[in-house]
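Step one of this worksheet: look at the structure below.
Number of protein chains: 2
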Amino acid sequence: MSHTSPIISVDAMGADQGPSIAVEGIEHILKRRHDSAARFLVHGDEAQLSPLIEKLSAKARDRIAVQHTDTEVRMTDKPSEAVRRSRGSSMWNALAAVKAGDADVVVSAGNTGALMAISKVVLRMKKGVHRPAISASWPTPRGHTVVLDVGANVECGPSQLVEFAIMGEAFHRAVHGSTNPTVGLLNVGQEELKGNDTVRAAARLIREAALDLNYHGFVEGDDISLGLTDVVVTDGFSGNIALKTAEGAVKLVGHWMREAFTSSITAKIGAAFLQMGGLDHLRAKLDPRSINGGVLLGLNGMVVKSHGGTDGEGFATALGLGIDMAGSHFLTEIEANLDRLKAAEEQSSESNS
Amino acid sequence: MSHTSPIISVDAMGADQGPSIAVEGIEHILKRRHDSAARFLVHGDEAQLSPLIEKLSAKARDRIAVQHTDTEVRMTDKPSEAVRRSRGSSMWNALAAVKAGDADVVVSAGNTGALMAISKVVLRMKKGVHRPAISASWPTPRGHTVVLDVGANVECGPSQLVEFAIMGEAFHRAVHGSTNPTVGLLNVGQEELKGNDTVRAAARLIREAALDLNYHGFVEGDDISLGLTDVVVTDGFSGNIALKTAEGAVKLVGHWMREAFTSSITAKIGAAFLQMGGLDHLRAKLDPRSINGGVLLGLNGMVVKSHGGTDGEGFATALGLGIDMAGSHFLTEIEANLDRLKAAEEQSSESNS
């Protein structure tokens, strides 16, 4: 259900540093998107939240409604435990609000495994999806590349990778606005014979099924940042490693850059000029908080996962992604694509019988 | 066999851009390492090589001996074909020279699969090694992290990962000079329950076998660039994706940096000051040519694999790695470590029987 102004359901208790992160995030995103009419349904402990909210601007305070709960999912809870024990927690209630139609999208910085598991119970999976995936939107010189799965499924069969392709393609169209996104399968080489059995079987499935996907073929790790394809499909093991390794490499370059900018008086003068001349823009691009927010795909509802260790600025980025999704045709695009997958599967089983 | 001055066996025909890359690489490395007494046994087509070598400095010319062959392994050859058909090629002869004791280490920019396969035939694998691995030395703020496997084995069982740990640890000691390198297993989280069956089984094996490894536990993608451990062990699928994804991310940052440095007059002035004040050092660090060179581990002989698409500067880096290895105790360190692995396995099978 879509509301005239987007309503974001916020799990305020998920961030490592506590509820101030979510509350500050709301203030930040309303400054960044000053035209947005977004409202926030904030789930958590009112005793902790109220004093934080009181400090906000009048505009932010007006947009927030708190739904109190004093239970929360902990970072150490196993997914199965979380499902059994966390009914009524801030995470559960944030998801239930979307299920009930009281909000358009959930944003949580909580325990990823628990968020996946509770999402499946509360929102249920879309018909035809084996397991949800988590996608990350990766900045490139050409826009954004959507990479999935980045950690939900450590072991994936070929048909799961095909589902990821279908869901990632719909996501790119709905959220990044492309009309005919290209899809690549992440591999260790571009030639057809490269890789393991799973990735080769997935490539065959995508090619043979009449999915009407703009399938490019295999892509390699460096093609992600290059933006060679709009969507990059991989299993959650390699995808998580790729995402975190890239984050680490970017951090390392930032470290070297700071070293270079302070290595001599001349360099410091140069850095000061750069500071006046557009360095902030670069710094913002290198800031991991500027790309915070994974999206859970395959559910009857929209869920954004923020990094647990983020701050208010980073949480604001995840909220911004939620606002974008609330205004998009994401759910109908995914459904249309899954129908295509189902039709292709039926056609294939008929032609085989 | 180690020579008083290191002798590098060069496959001159492997680079995508032809034999000029290897010849220029020799000139470059002799400039960078002006104290080195290294000599080069260059395998390839004399008709192409002679005019290139004539253009070099007298010093470089004096250090080169050409061993002529007019056959070469092509980038499109499958490994099995290469083994059958490429006896007498520049790659084969370069490896055979090390086998015969005429050189200390091979450097090739040729077809990776063929290099692996021919190496196994010509040099043979060390006892106790299932398959060779390729390691990459990753620069970090703390030195170098050795990552393996970065592409030789797309599917690995737990005991192979243990071999990689043993070989990577020996490599770090021999080439990067650490005394007690720490070893991590690449995974999607640091907790014991994370990841797939293979990586969890490998962790158990490393812990239970009395390998005397300085085993840290699981590490994540961003820990590689951080230098959290000296050695990071993974299968060739994830390792290749991690390496290339990091390369892509660093290239993307370089692209943004150039944009930022030329975005305004003020920024250009800043960049000019930086240029005087140490930017070259940063640029060199971000240059993929400065970290060119994977090492094949597990063979009775030392083999360095350069990127096929590199230029003379990049090939020089691979030659430099070869020179470092020629002067190291790499082969004896690996052997000692494999003996430890064998002893641990025997002890474990005795205690099980």
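Heads up: the protein sequence lines correspond to chains P and W, in order. With the numbering used here applied, the first sequence has no gaps in its numbers, which climb one by one up to 394 at the end. With the numbering used here applied, the second sequence has no gaps in its numbers, which climb one by one up to 394 at the end. Every residue gets a Cβ at the ideal spot worked out from N, C-alpha and C, and that includes glycine.
Mind checking whether V229(P) and G236(P) have CB atoms under 7 angstroms apart? Yes, they are a contact pair.
W297(W) versus chain P: which residues are under 7 angstroms apart at the beta carbon?
Those within 7 angstroms of W297(W) in chain P are L323 and K326.
Apart from the five residues on each side of it in sequence, which residues of its chain come closer than 6 angstroms, Cβ to Cβ, to L144(P)?
-> In the sequence as presented, Leu is not what sits at residue 144(P); that position holds Ala. So the list reads I48, S50, L82 and A138, once near-sequence residues are dropped.
>> Here's the rule I'm using: 16 or more other beta-carbon atoms within 10 Å means buried, otherwise exposed. How should E391(P) be labelled?
In response: By the neighbour-count rule (16 or more Cβ atoms within 10 Å), E391(P) is not buried but exposed.
**Study point:** For M343(W), the first and last residue of its enclosing beta strand (DSSP E)
**Key:** M343 to K346 is the extent of the beta strand (DSSP E) around M343(W).
Looking at the unbroken alpha helix (DSSP H) that takes in H80(P), where does it start and where does it end? The sequence shown places Arg at residue 80(P), rather than the His named in the question. Following the DSSP letters along the chain, one finds R80(P) in no alpha helix (DSSP H) but inside the beta strand (DSSP E) bounded by residues R80 to G85.
- [ ] Compare the C-alpha of P329(P) against each of G277(W), K326(W), L164(W) and D263(W) and name the closest.
- [x] Minimum Cα-Cα distance from P329(P) among the listed residues G277(W), K326(W), L164(W) and D263(W) corresponds to D263(W).
Check: In terms of DSSP beta bridges, what is Q108(W) paired with?
Finding: Answer by DSSP bridge pairing, in chain order: H84(W).
Chain P residues whose Cβ lies nearer than 7 angstroms to that of T220(W): Within chain P, no residue has its CB atom less than 7 angstroms from the CB of T220(W), the nearest being about 24 angstroms off.
Report task. Taking only beta-carbon positions, decide if V224(W) is within less than 7 angstroms of chain P. Result -> Not an interface residue.
query = With distances taken between CB atoms, is the gap from A177(P) to V188(P) smaller than 7 angstroms?
reply = A177(P) is a Cβ neighbour of V188(P), given a cutoff of 7 angstroms.
Verify the CB distance criterion: does M317(W) have a CB-CB separation below 7 angstroms to chain P?
By this cut-off, M317(W) is an interface position.
If you follow the alpha helix (DSSP H) that S279(W) is in, where does it begin and where does it stop? Counting along the chain, the alpha helix (DSSP H) containing S279(W) begins and ends at G277 to F302.
When the cut-off is 7 angstroms and only beta carbons count, does A123(P) lie next to chain W? For A123(P), not one C-beta of chain W is nearer than 7 angstroms to its own C-beta.
* To do: Can you have a look at Q108(W) and say buried or exposed, based on whether 16 or more other CB atoms are within 10 angstroms of its CB?
  => Counting C-beta atoms within 10 angstroms of its own C-beta, Q108(W) has 16 or more neighbours from the protein chains shown and is therefore classed as buried.
Looking only at C-alpha atoms, which of D238(P), T239(P), R241(P) and S200(P) sits nearest to V170(P)? Per the Cα distances, S200(P).
Are the C-beta of G334(W) and some C-beta of chain P separated by less than 7 angstroms?
-> Closer than 7 angstroms: no.
Same chain, Cβ closer than 7 angstroms to I105(W), five either side skipped, listed in chain order:
Cβ neighbours of I105(W) within its own chain (closer than 7 angstroms, five residues either side excluded): I67, F81, V83 and I94.
* Asked: Alpha carbon to alpha carbon, what distance is there between L379(W) and K140(W)?
  -> About 20 angstroms.
* Asked: For T45(P), which of I247(P), S369(P) and R245(P) has the nearest alpha-carbon?
  -> It is S369(P) whose Cα lies nearest to the Cα of T45(P).
- At least three beta-carbon pairs within less than 8 angstroms, the stretch 206-224 of chain P to the stretch 279-288 of chain P: The answer is no - the stretch 279-288 of chain P does not touch the stretch 206-224 of chain P, with fewer than three Cβ pairs under 8 angstroms.
According to DSSP, M166(P) sits in a beta bridge with which residue or residues? DSSP links M166(P) through a beta bridge to L340(P).
Should M42(P) go down as buried or exposed, given a rule of 16 or more other Cβ atoms within 10 Å for buried?
Model confidence at M42(P) stands at a pLDDT of 48, short of 50, so the residue's coordinates are unreliable; what they give is reported in the following sentence. So M42(P) counts as exposed.
| said: Please list, in chain order, the chain W residues whose beta carbon lies closer than 7 angstroms to that of K265(P). | reply: The sequence given here places Ile at residue 265(P); Lys does not occur at that position. Chain W residues near I265(P): T286 and G289.
Is any beta-carbon of chain P found at less than 7 angstroms from that of S279(W)?
-> Against chain P, the CB of S279(W) has a partner CB under 7 angstroms away; the residue lies at that interface.
Where do the N-terminal and C-terminal ends of the alpha helix (DSSP H) with G184(P) fall, by residue? Taken as a continuous stretch (DSSP letters only), G184(P) belongs to no alpha helix (DSSP H), being part of the beta strand (DSSP E) at G184 to L189.
* At a Cβ threshold of 7 angstroms, is I282(P) touching chain W? -> Yes, contact with chain W.
Item to complete: Would you kindly report the start and end of the unbroken alpha helix (DSSP H) that includes V139(P)?
Response: Looking at the DSSP string, the run of the alpha helix (DSSP H) that includes V139(P) is S131 to K140.
Q | Nearest neighbour of I175(P), chosen from L340(P), L382(P) and D352(P) [CA to CA] | A | When L340(P), L382(P) and D352(P) are compared, the shortest CA-CA separation from I175(P) is found for L340(P).
Using Cβ-Cβ distances below 7 angstroms, what residues of the stretch 51-80 of chain W are close to chain P?
Taking 7 angstroms as the cut-off between beta carbons, none of the residues of the stretch 51-80 of chain W comes near chain P.
(message) Any contact between the stretch 121-134 of chain W and the stretch 151-167 of chain W? By contact I mean 3 or more CB pairs, one from each, below 8 angstroms.
(response) Output reads yes: the stretch 151-167 of chain W touches the stretch 121-134 of chain W.
Item to complete: Express the C-alpha separation of F302(P) and K292(W) in angstroms, rounding to a whole number.
Response: The straight-line gap from Cα to Cα measures roughly 19 angstroms.
Notebook entry, point to check: If the cut is a Cβ gap below 7 angstroms, which residues of chain W does V195(P) touch?
Noted result: Taking a Cβ-Cβ cut-off of 7 angstroms, the neighbours of V195(P) in chain W comprise V229, G236 and N237, given in sequence order.
- If we ignore side chains and look at the alpha-carbon of each, how far apart do L360(P) and A56(P) end up? Between L360(P) and A56(P), the C-alpha separation is close to 13 angstroms.
Pull up the CB-CB distance for S98(W) and T181(W), whole angstroms please, since I reckon it's below 8 angstroms.
With a Cβ gap of about 35 angstroms, S98(W) and T181(W) do not count as contacting.
So L246(P) is in the alpha helix (DSSP H); what residue range does that whole segment cover? D238 to E249 is the span of the alpha helix (DSSP H), which, as asked, contains L246(P).
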